[in-house]
Amino acid sequence: MLDTPSRGLVIGSALATALAAGTAQAATWSDTFIGYRYGSQFTEPNNPDKVEKHILQFTHVSGYSLGQNFFNLDLLQSDSADPARGSDSGATEAYLVYRHQLHAGKLFDAPIAFGPVRDMALTAGFDLNTKNTEFAPRKRQLVVGPTFKFDVPRGFLDLSLFFSREWNHCGLDPCGLPGNRNSHTFDPYYQINLAWGLPFEAGALPMKFQGFYNYNAEKGDDYFGVSTKAEQLVRTSLMLDVGQLAWGGDNTLWAGVGYEYWRNKFGNHDKPGVDTDALTLNLEWHF
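All the letters of the sequence shown, read from the start, carry residue numbers -26 to -1, 1 to 261 under mature numbering (1 follows the signal peptide of the UniProt record, and there is no 0).
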């Protein structure tokens, strides 16, 4: 039987899939892929060791008559430097992201455009995660806010300003001491999100530069009554369309390198493992 956080993740996955499926009937475009990332320099708060991770990714994005959907599920497998609860084996984490955009130009038959902005959207969504460590996080996050869609020659460049609320869980014994709670509601905070996917040619090589940047403001005290600090996360990659070069299959197999930059991970600070600089090897199979 699934434990509580796993059930929550499954329910969230089912909801996001159902929402995406509901609009897929009138989809004007879509892109779905299975990805793989590998790196050996990841970090975790309060852990001085570098962590090796294998990451399996499932992503679906599609447009329909009023906007678009984005769904991403990462399954992360750590090595023994980041152990599972009561085990010497590495921990397993699942992290799900869903975002839905309503485009002004599609709702009102005229875009809200100014300067470099070609249109605006209202974006809403959620993050869910679960991980089988002693800490046992169970992140539940809601976001809503405007998105500025910039006019770029190819691909997309979106800047979103989100109002965010987050709930999480701490399975460590000290979290349950008087004055602390295993389940915790953080203060509301704002998030700045920049997301991009920019295809280009380097000579005869079809390539793309993609990724996102999140700035999360302080969100009050953590599980131990310690004030959190602003958090920054960049995850980006430079990819080559190997499929197009090898057999003429445009947007099928991509390979490249990535980089993860994380500061004050989860709002933690002044402790080991809260800053990450990790190079990754990346693969994507689109279908």
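Think of the CB as a built atom: it goes at the ideal place given N, C-alpha and C, for glycine as much as any other residue.
Treat the numbers as computed from the prediction; the structure is a model and nothing was measured.
- Look at the beta carbons and you see the segment 60 to 78 touching the segment 91 to 102: at least three pairs across the two are nearer than 8 angstroms.
- Only exposed fits Gly60, as fewer than 16 other CB atoms lie within 10 angstroms of its CB.
- Where Lys27 is concerned, the enclosing beta strand (DSSP E) starts and stops at Asn21 to Gly37.
- Scanning its chain for C-beta atoms nearer than 8 angstroms, with the 5 sequence neighbours on each side dropped, one finds around Gly199 the residues Gly153 and Asn154, in chain order.
- The DSSP assignment places 130 to 143, 157 to 159, 163 to 176 and 179 to 190 as complete runs of the beta strand (DSSP E) inside the segment 130 to 194, in order along the chain (cut-off: 3 residues).
- For Phe240, the three-state secondary structure derived from DSSP is helix.
- In this structure, the beta-carbon distance from Gly217 to Thr226 falls below 8 angstroms.
- For Gly119, the three-state secondary structure derived from DSSP is strand.
- Here Val126 is exposed, its C-beta having fewer than 16 other C-beta atoms within 10 Å.
- Burial check for Asp56: the Cβ neighbour count within 10 Å reaches 16 or more, so the residue is buried.
- If you check the CB distance, Tyr38 and Ala98 do not come in under 8 angstroms.
- The beta carbon of Leu50 sits closer than 6 angstroms to the beta carbons of Lys27, Ile29 and Glu67 from its chain, once the five residues preceding and following it are set aside; these are given in chain order.
- Collapsing the DSSP output to three states places Lys105 in a strand.
- Contact between Asn256 and Glu205 does not hold, since the beta-carbon distance rounds to 23 angstroms and is not under 8 angstroms.
- Straight across, the Cα-Cα distance linking Pro246 with Pro19 is about 6 angstroms.
- Annotation for Asp251: Gln15 and Tyr235 place their beta carbon closer than 7 angstroms to its own, counting only its chain and skipping 5 residues before and after.
- Gly79: member of the alpha helix (DSSP H) spanning Ala78 to Leu81, first to last residue.
- In the same chain as Asp224, and ignoring 5 residues on each side of it, the C-beta atoms closer than 6 angstroms to its own belong to Gln218, in chain order.
- Bridge partners of Gly199 according to DSSP: none are assigned.
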